[in-house]
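*Asks:* Below is one structure. I have some questions about it.
There are 4 protein chains.
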Amino acid sequence: MINEINIALIGQRFMGRAHANAYRQVRAFFAPPLVPRLRLACGRDEAALAEFARRFGWEEHTTDWHDAVTRDDIDLVDICVSNDLHAEIVIQAAQAGKAVFCEKPLGRDLAEARRMLAAVEEAEVPHMICFNYRFFPAIRLAKKLIDDGAIGEVRQFHALYLQDWGLDPGIPFTWRFDKERAGSGALGDTAVHVTDLARFLVGEIEEVVGDLPTFVHERPLPDGAGMGRVTVDDAALFLARFQHGASGVFETTRVATGRKNFMHLEVDGSRGSVHWNAEEPNVLWFYSLDDPKELRGFRRILATEPEHDYAKNWWPPGHTLGYEHSFVHAVYELLTAIAEGRNPAPSFHDGVRAQAVLEAVARSVKTRAWVPVEE
Amino acid sequence: MINEINIALIGQRFMGRAHANAYRQVRAFFAPPLVPRLRLACGRDEAALAEFARRFGWEEHTTDWHDAVTRDDIDLVDICVSNDLHAEIVIQAAQAGKAVFCEKPLGRDLAEARRMLAAVEEAEVPHMICFNYRFFPAIRLAKKLIDDGAIGEVRQFHALYLQDWGLDPGIPFTWRFDKERAGSGALGDTAVHVTDLARFLVGEIEEVVGDLPTFVHERPLPDGAGMGRVTVDDAALFLARFQHGASGVFETTRVATGRKNFMHLEVDGSRGSVHWNAEEPNVLWFYSLDDPKELRGFRRILATEPEHDYAKNWWPPGHTLGYEHSFVHAVYELLTAIAEGRNPAPSFHDGVRAQAVLEAVARSVKTRAWVPVEE
Amino acid sequence: MINEINIALIGQRFMGRAHANAYRQVRAFFAPPLVPRLRLACGRDEAALAEFARRFGWEEHTTDWHDAVTRDDIDLVDICVSNDLHAEIVIQAAQAGKAVFCEKPLGRDLAEARRMLAAVEEAEVPHMICFNYRFFPAIRLAKKLIDDGAIGEVRQFHALYLQDWGLDPGIPFTWRFDKERAGSGALGDTAVHVTDLARFLVGEIEEVVGDLPTFVHERPLPDGAGMGRVTVDDAALFLARFQHGASGVFETTRVATGRKNFMHLEVDGSRGSVHWNAEEPNVLWFYSLDDPKELRGFRRILATEPEHDYAKNWWPPGHTLGYEHSFVHAVYELLTAIAEGRNPAPSFHDGVRAQAVLEAVARSVKTRAWVPVEE
Amino acid sequence: MINEINIALIGQRFMGRAHANAYRQVRAFFAPPLVPRLRLACGRDEAALAEFARRFGWEEHTTDWHDAVTRDDIDLVDICVSNDLHAEIVIQAAQAGKAVFCEKPLGRDLAEARRMLAAVEEAEVPHMICFNYRFFPAIRLAKKLIDDGAIGEVRQFHALYLQDWGLDPGIPFTWRFDKERAGSGALGDTAVHVTDLARFLVGEIEEVVGDLPTFVHERPLPDGAGMGRVTVDDAALFLARFQHGASGVFETTRVATGRKNFMHLEVDGSRGSVHWNAEEPNVLWFYSLDDPKELRGFRRILATEPEHDYAKNWWPPGHTLGYEHSFVHAVYELLTAIAEGRNPAPSFHDGVRAQAVLEAVARSVKTRAWVPVEE
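Chains as they are written, first to last, in our numbering: chain A, 1 to 375; chain B, 1001 to 1375; chain C, 2001 to 2375; chain D, 3001 to 3375.
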């Protein structure tokens, strides 16, 4: 007999759709030990929510997210809402004994993230943060190569995460531009992803120094009542030192004209290196000093072979996967861990650790100096 | 109130899964005017079929595909089985008044394809062939540019469709290597796709001359009882002349070591050109003589913007789609056309036209000379 | 003491400059056993020739090319003129006992090429044809890999050689558009290069079938006196079978809008494959089944390492070479072979063999059928 | 009649060869108003120097560089030696009234660079620093686009300059690893190039904060007498703020395994952006918001057209140039400026400005905080 897990999803926009899709796809392609049942969708816009629920097959929907944490027939609460609501929902869900799956960044700041971690630990509920980029087959291959020593000791890391959606000064003032609600701009939105990947692939970051420029200082209020003052960063740039001696360079921005979701990572080690770009997500580039000298070169590995994590569950080699598949893989790991009684990874610990780095970057902008990352 | 259409799917392997996925995804992301109801899955392996039905949500399943054409509660029969069964199923389904959606190639040869077309026309049922590559946003953009005259008059076309799954002589002898059941090898399997795209983008082909080499002549029988003789081609290569004067070069192969699903198309016109590759399916490359001379260059257009067909139904710009999405788009067009009382495109006419080209290639191999493509 | 070889160069345009540059650069970077002395430059435009001679350091210049073959103080005659003059000059030079270095195609047709070969053989003078693409370090590496068996038995070869300089109908009618003087169009100009590379990398071609379309049928005469009728092909497309069983596809064209000097080659073997593109000439892509399965991928080998032919004579690794360097390497091989008493490679034999293929393509256009390549 | 300029070159290794080649090539391909005469080559290794002089055509050679500055028949002194000799030679050459052309970095530190600038200004001699990357046609096109406002107001800049020659701990201890002689490591060697390009393309840098890690702390002495202590950086990483508000990220390193001379630049503006990579030096990528929305994409501009600076002096479109050509263009500008009585660009002012940035980076490593760049 098949065990089900009852999901309540809060949020129905970009991330809500990505998560809803993941629950539906994972049961078709992965046969997880716990089958997700799409029980309750929560959102604020009743009409849109009804349509969302109908399309994705949610059994019920509600405009009051508290239902998700108070109803007995919910096992897992999935949080895809604006950053200012993460903590409140997570804490109530945890206290109600629900497993929680939360979008990044965990909280608006480190203190908030820590409260969230404390809550899930105290409640002893499973907790996972949705760092979905960890779950691309090519990134998993990179991780495996690094862990196996294939590139030796890591010395340099860089990440460029370039988007351009923030370019247009006519883009309305939403919660994303409001520090009160978002916590930060590119820092919490995009730098958090590459910070997590840096930790995943290389290790803990010890010290940082950064810059958080804002280029567009006012944006029109959505209701037409004048302009809202942008209180977050348009770009987050920082240097880092890792605990084990590697150096890192990070650039994330919303104003790199022409770049849509260009996330480029490179890890340079003493015996080899890897690089990856989210615009060609099925490919890992790998260079090894073990190759004969005249034949050395970056290998373009199309990570769609049965040997690559997750790939064989989808299509034959060479038939590419896209962005959304990373969420399916994340949900597969979430469900598998819960079924096996383990806490999933990445957990809220990882959310806190990433946020400690971002917090240090923000502090360094105030002190204008290198600052240590809090333990 | 929402109208449903009851689907029976025959076949549960690669293509069966791609189609099943498409029916499920189209209702989540596209809200088609007819909502597909996954009524009946047919396949030969009972255990695998039950699992397939459970995973993808088919209400019923059966190992007798005749149910799909005889049951009254089926509106659309979708054929994802070996080529030798296409004609029989299509003809029975048409006679039973079902809409039909058939995988490529339409038949094993031109005569068979024509019988199938005659059947659906006589029965006056909607018919579509699954040339899914037409439905990548980047290919649709190419089509639009060409139709709008953006590249002028087309002069050269080439298509390379390179795979390597046929390399290993140890791969068992399946129906794909048996002319009796498959009709042909790379010709009907992969050349048919680029032939359709050539017709879609450039126009009708008038004459061809080709080569159909086989490199691995025997393969082990799956039951271990010796070797089976390969009676199909490992590669299909041909030159073509289009009716409106363009020249074409086609190479498709199963033995291009290292190439997984490398489908490269280029259309060169008198004012510009486009090229596209299935390994980077979200990108269209476009060159235009209208650009200032010193700024001319191929533009790498990431066809993930709201302006690009289908893209806005999925994710924000730059968040890539994969292979499977082309099927979702195909199914969306299928359902929309049926709802609107139009026959979908590409239809069995397109299937027959493509097959006429392949047939001409095969004839040219016998005559060792250019041959006209039958009308 | 240093031995010199006295060069007479006939032609001062594109190829004349490429060869003149090669003689000057080879002595700076390669220290060949015979040092080229730039003795005599021949051309028709006196003023331009004087300037050419001054710039490149030719000791003397003349508008009468016969001087090159009659003067005793010339050792090597280098022919960079229109195709209709190749035979006459080569034959006279050979009869005068000069070594000859001739641009491609050897003659306007196979018969002419054979007469040229007969002349140099009878005169027992060193002879080389300038198939400069053989001398890119990355192509040499490809050759070495293939010869060493690194890609196994070759099965498929394709070459795309795409240019667009013939697009504009306003381009004046020069000798290149006149069959009488050029022999052919893209066939002899660009297809000849990839035909030679196919022979170099894969082996002899046995049979071909092709197409030689012309898209622009008239072009303005340079003197303004009306239009000249184009009697050559704008594109040369053909299929080939190699003696050892491989299949080939060739497309060369002057009307591929946006393509400047895009020469793409791919050799697919039973154990691996290589590909190369002249727009990124320092890079060879190599795929090998010997790599572990999950790490297989095309390696982007930057052939600028000391291990790569010619590379260490130039710059440190990663400092790229361009188009012109291939001529320097060709001249180095020419001078070395002469110094060592060997005939250089590629010789006029290679010129004749390539031309036999082109001739067969042209014949196939008349017979509209596959034709054997003459021995 | 043609005016000549008499050159003395000091240094015969990598840079000496690049400069010698430039003088020879510029007269063949560019017809500069002052024709360089290769008068005197200076170097320490007599045998190698004699060979160098013979190959490149230097009329005389000497192991005493003082000859270059004391002889009356020298007009221009070109300095391609280790950094510790730059100042002494430049100052003596200037005092002797010679024009000077100096490799980068100008001095070992800012103070030394300033003394050099003062000397050439006091002596009123022409002075140029060899920031050769400014002279790639694609970089010139980028400069033109930016200056013309094609990308709007610049907001983000990043430069990655990745090499791996410093990886191997067995590489001997040369002057490049000795702060006393080199001044710094990657900072003065490679960061200086991208710092200059940042200034050239974007403008002055106001503030920086950086990191200068060393990974290999000891290297074998060339004489076998033990190990030398490395006192310079293996990598130079920094963040920058430009005067006009843009933000910059810089990574240069000698330990990025697999990267040979990977210099990637990106300039993101409010209306468009450009990027460029030294491994594909003929290509500029350009994105513009002026393109129609559905056709936006980075254009791959092959800067080999007659419209592109310097390109028409070489080969037809698509026939690529390599690394060395940038030096030919630099020398062309040097000779032209001198002939026209202007000081060439980039001048020692540019050398000092770049060095002020590097000096600030080095200071920031000590203070561990952002520091202003000295005026």
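By construction, the Cβ of each residue, glycine as well, lies at the ideal position given by its N, Cα and C atoms.
Would you say residue 2012 (chain C) and residue 2043 (chain C) are within 9 Å of each other, going by their C-beta atoms?
*Replies:* yes
*Asks:* Taking the alpha-carbon positions, what's the residue 375 (chain A) to residue 207 (chain A) distance?
*Replies:* Taking the straight line from one Cα to the other gives about 11 Å.
*Asks:* Can you name the residues of chain B whose CB is closer than 7 Å to the CB of residue 218 (chain A)?
*Replies:* Per Cβ cutoff of 7 Å: no residues; residue 218 (chain A) is ~23 Å from chain B at best.
*Asks:* If you follow the alpha helix (DSSP H) that residue 25 (chain A) is part of, which residue opens it and which one closes it?
*Replies:* 14-29
*Asks:* Which runs of the alpha helix (DSSP H) spanning at least 4 residues fall entirely within the segment 1084-1115 of chain B, listed in chain order?
*Replies:* If we require 4 residues or more, the alpha helix (DSSP H) runs fully inside the segment 1084-1115 of chain B come out as 1086-1095.
*Asks:* Output needed in chain order: residues of the segment 3283-3302 of chain D with a Cβ under 9 Å from some Cβ in chain B.
*Replies:* 3283, 3284, 3285, 3286, 3287, 3288, 3291, 3292, 3293, 3294, 3295, 3296, 3297, 3298, 3299, 3300, 3301, 3302
*Asks:* Give a yes or no on whether the C-beta atoms belonging to residue 3281 (chain D) and residue 3218 (chain D) are separated by under 9 Å.
*Replies:* Result no, Cβ atoms of residue 3281 (chain D) and residue 3218 (chain D) do not sit closer than 9 Å.
*Asks:* When you compare the CB of residue 312 (chain A) with every CB in chain B, is at least one pair closer than 9 Å?
*Replies:* no
*Asks:* Helix, strand or coil for residue 3356 (chain D) per DSSP?
*Replies:* helix
*Asks:* At the level of alpha carbons, what is the spacing between residue 3110 (chain D) and residue 3348 (chain D)?
*Replies:* So the two alpha carbons sit approximately 12 Å from each other.
*Asks:* According to DSSP, residue 1255 (chain B) sits in a beta bridge with which residue or residues?
*Replies:* According to DSSP, residue 1255 (chain B) shares a beta bridge with no other residue.
*Asks:* Given a cut-off of 9 Å, decide if residue 3064 (chain D) and residue 3007 (chain D) are closer than it, judged by their beta-carbon atoms.
*Replies:* No. Outside cutoff.
*Asks:* Which same chain residues, not among the five before or five after residue 320 (chain A), have their C-beta less than 7 Å away from its C-beta?
*Replies:* 282, 304
*Asks:* Please confirm if residue 1266 (chain B) has its CB atom under 9 Å from at least one CB of chain C.
*Replies:* yes
*Asks:* Can you check whether the C-beta of residue 1323 (chain B) is within less than 9 Å of a C-beta belonging to chain A?
*Replies:* yes
*Asks:* Should the segment 2183-2195 of chain C be regarded as contacting the segment 2351-2366 of chain C, the criterion being three or more beta carbon pairs within less than 8 Å?
*Replies:* yes
*Asks:* Pull up the distance between the alpha-carbon of residue 3242 (chain D) and that of residue 2306 (chain C), whole angstroms please.
*Replies:* 40 Å
*Asks:* With a CB to CB cut of under 8 Å and the five nearest residues on each side skipped, what residues in its chain are close to residue 2291 (chain C)?
*Replies:* For residue 2291 (chain C), same chain residues with a beta-carbon under 8 Å away, outside a window of 5 residues either side, are 2297 in chain order.
*Asks:* What residues from chain B crowd round residue 163 (chain A), counting only those whose CB sits closer than 8 Å?
*Replies:* 1318
*Asks:* Tell me which same chain residues have a C-beta within less than 6 Å of the C-beta of residue 3196 (chain D), skipping the five on either side of it?
*Replies:* Result list for residue 3196 (chain D): 3131, 3354, in chain order.
*Asks:* Please classify residue 27 (chain A) as buried or exposed, where buried requires at least 16 neighbouring CB atoms within 10 angstroms.
*Replies:* buried
*Asks:* Taking only three categories from DSSP, how would you classify residue 2239 (chain C)?
*Replies:* strand
*Asks:* With DSSP as the reference, label residue 2276 (chain C) as helix, strand or coil.
*Replies:* strand
*Asks:* Could you give the C-beta distance for residue 157 (chain A) and residue 202 (chain A), rounded to a whole number, given that I count them as a contact under 8 Å?
*Replies:* 5 Å
*Asks:* Which residues bound the alpha helix (DSSP H) around residue 3214 (chain D)?
*Replies:* Premise fails: residue 3214 (chain D) is in no alpha helix (DSSP H) and is neither H nor E.
*Asks:* Classify residue 3327 (chain D) as buried or exposed, calling it buried when 16 or more other Cβ atoms lie within 10 Å of its own Cβ.
*Replies:* buried
*Asks:* Suppose you measure from the CA of residue 2003 (chain C) to the CA of residue 2059 (chain C); what does that come to, to the nearest Å?
*Replies:* Distance from the CA atom of residue 2003 (chain C) to the CA atom of residue 2059 (chain C), rounded to whole angstroms, is 18 Å.
*Asks:* From residue 3034 (chain D) to residue 3339 (chain D), what does the alpha carbon distance come to, in whole angstroms?
*Replies:* Near 6 Å, if we compare the C-alpha coordinates of residue 3339 (chain D) and residue 3034 (chain D).
*Asks:* Counting contacts by CB-CB distance shorter than 9 Å, is residue 2275 (chain C) in contact with chain A?
*Replies:* no
*Asks:* Using 10 angstroms around the beta-carbon of residue 2014 (chain C), count the other beta-carbons present and answer buried if the total reaches 16, otherwise exposed.
*Replies:* exposed
*Asks:* Since residue 304 (chain A) is in the beta strand (DSSP E), which residue starts that stretch and which ends it?
*Replies:* No beta strand (DSSP E) holds residue 304 (chain A); DSSP gives it neither H nor E.
*Asks:* So which residues on chain A does residue 1024 (chain B) lean against when the C-beta distance must stay under 8 Å?
*Replies:* Per Cβ cutoff of 8 Å: 24, 28.
*Asks:* Taking residue 352 (chain A) as the reference, give the member of A:38, A:54, A:113, A:24 with the closest Cα.
*Replies:* A:113
*Asks:* At what residues does the alpha helix (DSSP H) containing residue 288 (chain A) begin and finish?
*Replies:* In this chain, residue 288 (chain A) is not harboured by any alpha helix (DSSP H); it is covered by the beta strand (DSSP E) spanning 283-288.
*Asks:* Can you give me, in chain order, the residues of the segment 3239-3260 of chain D that have a beta carbon less than 9 Å from any beta carbon in chain A?
*Replies:* 3239, 3240, 3241, 3245, 3246, 3247, 3248, 3249, 3250, 3251, 3253, 3255, 3256, 3257, 3258, 3259
*Asks:* Along the segment 2199-2233 of chain C, what residues have a CB closer than 8 Å to any CB found in chain B?
*Replies:* 2209, 2210, 2211, 2213, 2215
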